[in-house]
Amino acid sequence: NIFACNGILFNHESPRRGETFVTRKITRGVARIISGKDKKLYLGNLEAKRDWGYAPDYVEAMWLMLQQEKPCDYVIGTGETHSVKEFLEKVFNYVGLDWKEYVEIDSRYFRPTEVELLLADSSKARKELGWSPRITFKELVKIMVDSDMELIGLESPGEGKKVLKQKGINWTKNHLTVI
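Quick note: the sequence shown uses full-length UniProt numbering, first residue 1, plus one each step.
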C-alpha cells in the first residue's frame, strides 16, 4: 500500500516565484523602475482574479497532509480572491508610486483562454488539518517587494521582513527559512 494524497494548490507565491509569473513580474518590475533600469511595466489583463497565498504556508499544508493517519485529498488556498489590478495597486502603493504612471497594457500579454476567477474552498483542510494561511495578501505583497528591491541592490521599506520575523520566519537574502 502506498500512502498517497493529492494537494490541489491554488496560486502560491514567494520571492522565489519565476519572473514570468504576473506577481513576480510586478514586484520585480517596480524594483527595476525605482532603480532606473526600466521606465515602464507591461502587463495584460488586470481584471483576472486569483486566490494568491504564500508558498511556505502551502508547504506546511502539504506536510500536514502527510501526517494524517489515512491519505486524503485537500484543496489548499486562502479562500480570498484578488485581481491583478489589486496586486498591482498594493505593490505600487507600498513603495509610494502611482501605478498608472508606470504600467502599460499590452495585448500580447492577454491569455487566449483566460480564467477570470479562481477561488479555493479549503474548508476541509482547515477543519481536518487545522491549517490556515499565516501570511495575508497584503503581507505577501510586502514580502515579495522587499525581496525584489534587495535583490536589485535597493533598500526596501522592510515591512515584509518585519512580518516574517513576527511570525517566526527567518529572512535572509533570497532565502527564507522557518525558525
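Don't be surprised by glycine CBs; every beta carbon is placed ideally from N, CA and C.
Handout entry: At least 3 beta-carbon pairs within less than 8 Å: the stretch 137-151 vs the stretch 100-120
Key = With a cut-off of 8 Å, the stretch 100-120 and the stretch 137-151 do not count as touching, because too few Cβ pairs lie within range.
Exercise for the section: Could you tell me which residues DSSP puts in a beta bridge with glycine 53? Expected result: Within the sequence shown, numbered from 1, the residue matching residue 53 stands at position 53. Partner residues in the beta bridge of glycine 53, as assigned by DSSP, are His12.
Exercise for the section: Just tell me which of Asp146, Glu86, Arg108 has its CA closest to the CA of leucine 46. Expected result: Looking up residue 46 in the sequence shown gives position 46. Closest option to leucine 46, Cα to Cα, is Glu86.
Handout entry: glutamate 104 - containing beta strand (DSSP E), residue span
Key = By 1-based counting over the sequence shown, the position of residue 104 is 104. Note, glutamate 104: beta strand (DSSP E), 103-105.
Practice task
Measuring alpha carbon to alpha carbon, tell me which of Phe3, Asp148, Gly153 ends up nearest threonine 70.
Solution key: Walking along the sequence shown from the start, residue 70 turns up at place 70. As written in the sequence, residue 70 is lysine, which differs from the threonine given in the question. Of the candidates Phe3, Asp148, Gly153, the one whose C-alpha sits nearest the C-alpha of lysine 70 is Phe3.
Practice task
Taking only the alpha-carbon atoms, compute the straight-line gap between cysteine 72 and glutamate 128 and give it to the nearest angstrom.
Solution key: Looking up residue 72 in the sequence shown gives position 72. Looking up residue 128 in the sequence shown gives position 128. One C-alpha to the other measures close to 10 Å.
Practice task
Please report the Cβ distance between isoleucine 76 and alanine 120, rounded to the nearest whole angstrom; I am assuming they are in contact, meaning their Cβ atoms lie under 8 Å.
Solution key: Locating residue 76 in the sequence shown gives position 76, counting from the first residue. Locating residue 120 in the sequence shown gives position 120, counting from the first residue. Confirmed, about 7 Å.
Practice task
Could you tell me which residues DSSP puts in a beta bridge with valine 75?
Solution key: Position 75 of the sequence shown, counted from the first residue, corresponds to residue 75. For valine 75, which the question treats as bridged, DSSP gives the partners Ile8.
Handout entry: Pick from Glu114, Arg111, Phe92, Glu60 that is closest to methionine 149, judged by C-alpha positions
Key = Indexing the sequence shown from 1 puts residue 149 at position 149. When the alpha-carbon of methionine 149 is set against those of Glu114, Arg111, Phe92, Glu60, the nearest one is in Phe92.
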